[in-house]
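S.K.: Just passing along the structure, written as structure tokens.
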């Protein structure tokens, strides 16, 4: 029963020119199991699944399914054979109903090309009932939640009768509650006979869900193990190849003066939707304020208003006591560091050199880059500046003249973070600073963030030398927020609904606020202080505690 | 940089070879034609001077397009900016006749300003009404074309002639010639140096290049994209305008004649594309294309190959160079990937033989050994 279900043998995949994504991977998936494939970003887990699913061709190696050698030329063939995949990014038509999305591409067509809707609708409904998906098939996809959209993706595959469901990092976009629901559903599907391949890099989830766990590292399968008596540390060691510290060391926060303040910020977008609703918050020197929330609940607009990419409609934005609501982007950048969300879309110009990418904004603010004339930049000084950044932030790069696209994602992100941290500003805005970055770089970047916050808690002499900054950290990763933030603000529908202190709160509580299940807290208009700082005394006396400017 | 230069040279080489085949297939003496092509463009003093004179407008329209495209301003209005620049210099030279030291700088300024103004209309339409400059610059070409035609066949027509053209400008705005080499070439060279410094060395140029590569990146970085768009458009227009102005100030005619400008503007667009918007490559390709266009006339004299063959050759060069830029990279990468995969497969047999296969039957550890 269990052998010869899916067998992969010596799979090799090289992405041109020479990225060895899969290095002789052998893997067996048994029928009816929940098999997790874990590994860091770039370990090859997604590539392996895309190869199985027919999205990309292998360079060499064999795949057999139910004892027959197969090579799917397209996902369509794979689905027809019974293997389906739910991608990280959903592939749905937002303006179509759930029913229309499900049948799209597999329409029940009668004679003369007429749709035989009644029958198909009955089938889709019965699938929803059978697997308890709790969807209304006439809802438009754009009106449904992310969790529901994921269910639609699964429903699409069930409608096509697949036996194998590949889930590519399905929990990345979900709240803890939605994740719990997804796991229950996957177990139900598994009980109904479906084989599930679950791709993730979150160890807790994998340990909770799977029968078998395969660990991949740098394109190789490191190990495949039954999920019995395994611990997080075992998996992490296998994933990274060394012991991993799960929590970043962080001295207690000692807050100083307010470096950032938003008061009553509201924003209505071009479509007339209220994106921000009287948001007030404050960040003090020496603390990291985290913002949690399901994507699309106003975080994006908040960042736009703070950075000056969108006009402030009503309310106040103050950085270091200066009202910047009407200030230009460059005026604000003199007062703040900003690590943008997406390094490819807004953090860099991929075809430009590392040097050109590292001097952005510095080229206006840092006179050391000028060559004699104010209007001209010195190529030599720019290169030295980039070299310094590379050295300081441990960037692995062939040369500062190479295009930034030749660097790995983690190293690109280090360039972006390094560029921003080299500004001496007292306020740091971090928008998903470690998204899509390998574990090693995540650790490094998180340590840099804490250093930027200021290790005033260290020995007095050392602390005084490190200027401390106030950080506003927007992250979709609750683990990151819990390990970095001194306070967590939760955004829901454009409002800040909770102000929580990590030691006294749980991921579940944050999750409930994110989903709007809990009644919003009443928050002091300044938005400052849930007592997260190391004792009120430290905050009050921060005048002396914070280094003089 | 070096790799790019090699790819470009390879592309040119293959294109010339392809041209040879075309000539041969058409029954022309292929090699003697090429010999004539280059001897009439490079291998005598007269030939070189003709090539440099020909290159003058090409350098400027090429720079104009490169500055535009490289900043992500799709200025396709070189034709119009060229004509308006030429018209401005003609009108100014007809109305005013001052001594050369005053007249020449003023005429150059008029050409720059007129071209910038014409491009500025498109920039303004974009900023004010969000109209795509790709469309507006093209449309402004027609307006400039018919507007100048109206002027030279109506109010500014020189009644002493039988075809539409203006009067000659006063001799104050005429550029000197040295042994046939017009000082216009020197003006173009100065413009080249100024543009190169702007583009590759200045803060503004850095912002334009960043905007051309990723406008979100430059905006987030604090660059004023709106202002930079307008500035780049004005600069692009000014260069094309200067190309037109120098046609009046240099050469022999010193007047706006119907049909002047010919293909210079579109050739500039082509040159910028082949040069991938680099300033130095733009200059070099402008010289190269000028050589081909100049030599083609000699070739027609010597071997009766029609001088239109220059157009064919240019087109082949563009195709080969632009195509080879991407395709050689792709081909090399794919070959490298195959080699790498084969090497990886080889180690599989030598290294962890037999160990990496897991039976999948037994419970407990199913570990791949050998790693």
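Residue numbers (this note's numbering), protein chains in the order written: chain A, 27 to 575; chain B, -11 to 359.
Think of the CB as a built atom: it goes at the ideal place given N, C-alpha and C, for glycine as much as any other residue.
Can you tell me which of the three DSSP states residue 242/B falls into?
M.R.: Here residue 242/B refers to the residue found at position 254 when the second chain is read from its first residue. It is coil, neither helix nor strand.
S.K.: Output, in chain order, the set of chain B residues within a Cβ distance shorter than 9 Å of residue 64/A.
M.R.: Against the first chain, residue 64/A aligns to sequence position 38. Those within 9 Å of residue 64/A in chain B number zero; the least Cβ separation is about 15 Å.
S.K.: Got a sec: which bits of the region 383 to 397 of chain A sit with their beta carbon under 7 Å from any beta carbon on chain B, in order along the chain?
M.R.: Residues passing the 7 Å Cβ filter: 386, 387, 389 and 390.
S.K.: Can you pull the chain B neighbours of residue 377/A, defined as C-beta to C-beta under 7 Å?
M.R.: Along the first chain, one-based indexing puts residue 377/A at 351. The contacting residues are 201.
S.K.: Taking Cβ to Cβ, would you say residue 265/A is nearer than 7 Å to residue 65/A?
M.R.: The residue given as residue 265/A occupies position 239 in the first chain. The residue given as residue 65/A occupies position 39 in the first chain. Their beta carbons are under 7 Å apart, which means residue 265/A touches residue 65/A by this criterion.
S.K.: Using a Cβ-Cβ cut-off of 8 Å (strictly less than) and excluding sequence neighbours within five positions of residue 295/A, which residues of its own chain qualify?
M.R.: Counted from its first residue, the first chain places residue 295/A at position 269. 301 and 327, listed in sequence order.
S.K.: Per DSSP, which one or two residues make a beta bridge with residue 63/A?
M.R.: Within the first chain, the letter at position 37 stands for residue 63/A. For residue 63/A, which the question treats as bridged, DSSP gives the partners 225/A and 240/A.
S.K.: Just checking: is the beta-carbon of residue 372/A within a distance shorter than 7 Å of some beta-carbon in chain B?
M.R.: Residue numbering aside, residue 372/A sits at position 346 when the first chain is read from its first letter. Cβ-Cβ to chain B under 7 Å: yes for residue 372/A.
S.K.: Between residue 322/B and chain A, is the shortest Cβ-Cβ distance under 7 Å, so that the two count as touching?
M.R.: To locate residue 322/B, count along the second chain from 1; it is residue 334. At least one chain A Cβ lies under 7 Å of residue 322/B.
S.K.: Please name the residue, chosen from 329/B, 267/B and 333/B, that lies closest to residue 45/A on a Cα-to-Cα basis.
M.R.: Taking the first residue of the first chain as position 1, residue 45/A is located at position 19. Nearest C-alpha to residue 45/A: 329/B.
S.K.: Using the Cβ count rule (16 or more neighbours within 10 Å means buried), how would you classify residue 22/B?
M.R.: Reading the second chain from its first residue, position 34 is the one you call residue 22/B. It counts as buried.
S.K.: When you compare the CB of residue 369/A with every CB in chain B, is at least one pair closer than 7 Å?
M.R.: For the purposes of this step, residue 369/A is identified with residue 343 of the first chain, where counting begins at 1. Not an interface residue.
S.K.: Return the residues of the region 268 to 282 of chain B that lie within a Cβ-Cβ distance of less than 9 Å from chain A, sorted by chain order.
M.R.: Going along the region 268 to 282 of chain B in chain order, one finds no residue with a Cβ nearer than 9 Å to chain A.
S.K.: Can you find the residues in the same chain that come closer than 6 Å, C-beta to C-beta, to residue 33/A, ignoring five residues on each side of it along the sequence?
M.R.: To locate residue 33/A, count along the first chain from 1; it is residue 7. Within the same chain, residue 33/A has close Cβ partners 54 and 90.
S.K.: Could you give the first and the last residue of the continuous alpha helix (DSSP H) run that contains residue 457/A?
M.R.: For the purposes of this step, residue 457/A is identified with residue 431 of the first chain, where counting begins at 1. Not the alpha helix (DSSP H): residue 457/A falls in the beta strand (DSSP E), residues 453 to 457.
S.K.: Quick one: list the residues of chain B neighbouring residue 333/A, beta-carbon separation under 8 Å, in chain order.
M.R.: Locating residue 333/A in the first chain gives position 307, counting from the first residue. Within chain B, the residues near residue 333/A are 208.
S.K.: Look at the alpha carbon of residue 459/A and the alpha carbon of residue 544/A, and state the distance between them as a whole number of angstroms.
M.R.: Position 433 of the first chain, counting from 1, holds the residue named residue 459/A. Position 518 of the first chain, counting from 1, holds the residue named residue 544/A. Approximately 28 Å between the Cα atoms of the pair.
S.K.: Taking all protein chains shown into account, decide if residue 488/A is buried (16 or more other Cβ within 10 angstroms of its Cβ) or exposed.
M.R.: Reading the first chain from its first residue, position 462 is the one you call residue 488/A. In this predicted model, residue 488/A has a pLDDT of only 41, less than 50, meaning its place in the structure is not dependable; the value taken from the coordinates is given anyway. Per the 10 Å Cβ criterion, exposed.
S.K.: I want to verify the contact list: residues of chain B whose CB lies under 9 Å from the CB of residue 190/A, in sequence order.
M.R.: Your numbering for residue 190/A matches position 164 in the first chain. Within chain B, no residue comes near residue 190/A; the closest Cβ sits about 15 Å away, beyond 9 Å.
S.K.: Note down the Cα distance separating residue 67/A from residue 133/B, rounded to an integer number of angstroms.
M.R.: Reading the first chain from its first residue, position 41 is the one you call residue 67/A. Reading the second chain from its first residue, position 145 is the one you call residue 133/B. Roughly 57 Å between the two C-alpha positions.
S.K.: Between which two residues does the beta strand (DSSP E) containing residue 340/A stretch?
M.R.: Within the first chain, numbered from 1, the residue matching residue 340/A stands at position 314. 340 to 345 is the span of the beta strand (DSSP E), which, as asked, contains residue 340/A.
S.K.: Residue 491/A to residue 355/A, Cα distance in whole Å?
M.R.: Here residue 491/A corresponds to residue number 465 of the first chain, with the count starting at 1. Here residue 355/A corresponds to residue number 329 of the first chain, with the count starting at 1. Its pLDDT being 45, under 50, residue 491/A is placed unreliably in this model, and the coordinates cannot settle the point.
S.K.: Indicate whether at least one CB of chain A lies closer than 7 Å to the CB of residue 191/B.
M.R.: As a first step, residue 191/B must be located in the second chain, where it is residue number 203. Yes, because at least one Cβ of chain A sits closer than 7 Å to the Cβ of residue 191/B.
S.K.: Taking only beta-carbon positions, decide if residue 204/B is within less than 7 Å of chain A.
M.R.: Residue mapping note: residue 204/B aligns to position 216 of the second chain, counting from 1. It does; some Cβ of chain A falls within 7 Å.
S.K.: Thinking residue 168/B and residue 37/B are a contact (beta carbons under 8 Å), I'd like their distance in whole angstroms, please.
M.R.: Here residue 168/B corresponds to residue number 180 of the second chain, with the count starting at 1. Here residue 37/B corresponds to residue number 49 of the second chain, with the count starting at 1. About 4 Å separates the two Cβ atoms, so the contact holds.
S.K.: Could you check where the alpha helix (DSSP H) with residue 367/A kicks off and where it finishes?
M.R.: To locate residue 367/A, count along the first chain from 1; it is residue 341. Looking at the DSSP string, residue 367/A is not in any alpha helix (DSSP H), and its letter there is neither H nor E.
S.K.: DSSP three-state call for residue 401/A: helix, strand or coil?
M.R.: Counting from 1 along the first chain, the entry for residue 401/A is found at position 375. Looking at residue 401/A - three-state DSSP - the assignment turns out to be strand.
S.K.: Opposite residue 36/A in the DSSP bridges: which residues?
M.R.: Working through the first chain from its first residue, we reach residue 36/A at position 10. BP columns for residue 36/A are empty, so no partner.
S.K.: Suppose you measure from the CA of residue 317/B to the CA of residue 331/B; what does that come to, to the nearest Å?
M.R.: Residue mapping note: residue 317/B aligns to position 329 of the second chain, counting from 1. Residue mapping note: residue 331/B aligns to position 343 of the second chain, counting from 1. Distance between the alpha carbons of residue 317/B and residue 331/B is about 21 Å.
S.K.: Using a Cβ-Cβ cutoff of less than 7 Å, which residues in the same chain neighbour residue 570/A once the five nearest sequence positions on both sides are dropped?
M.R.: Against the first chain, residue 570/A aligns to sequence position 544. Caution applies to residue 570/A, whose pLDDT of 34 falls short of 50 and renders its modelled position unreliable; the model cannot decide the point.
S.K.: Helix or strand or just coil, what does DSSP make of residue 385/A?
M.R.: Residue 385/A sits at position 359 when you count from the first residue of the first chain. The answer is coil: DSSP assigns residue 385/A none of H, G, I, E or B.
S.K.: Counting Cβ pairs closer than 8 Å, one from the region 277 to 284 of chain B and one from the region 69 to 81 of chain B, do we hit at least three?
M.R.: No, because fewer than three Cβ pairs between the region 277 to 284 of chain B and the region 69 to 81 of chain B fall closer than 8 Å, the two stretches do not touch.
S.K.: Pop quiz: residue 497/A and residue 314/A are said to be a contact at Cβ under 8 Å. What is the actual Cβ separation, rounded to whole angstroms?
M.R.: Your numbering for residue 497/A matches position 471 in the first chain. Your numbering for residue 314/A matches position 288 in the first chain. Going by Cβ atoms, the distance from residue 497/A to residue 314/A rounds to 4 Å, so yes, they are a contact pair.
S.K.: Along the alpha helix (DSSP H) that carries residue 77/A, what are the first and last residues, could you check?
M.R.: For the purposes of this step, residue 77/A is taken as the residue at position 51 of the first chain. It spans 71 to 78 - the alpha helix (DSSP H) in which residue 77/A sits, taken as one unbroken run.
S.K.: Looking only at its chain, what residues have a beta carbon closer than 6 Å to the beta carbon of residue 205/A, apart from the 5 residues adjacent to it on each side?
M.R.: On the first chain, position 179 is the one that residue 205/A refers to. Excluding sequence neighbours, residue 205/A sits near 197.
S.K.: Measure how close the beta-carbons of residue 256/B and residue 53/B come, nearest whole angstrom, since I'm counting them as under 8 Å.
M.R.: Working through the second chain from its first residue, we reach residue 256/B at position 268. Working through the second chain from its first residue, we reach residue 53/B at position 65. Right, their Cβ atoms sit about 5 Å apart.
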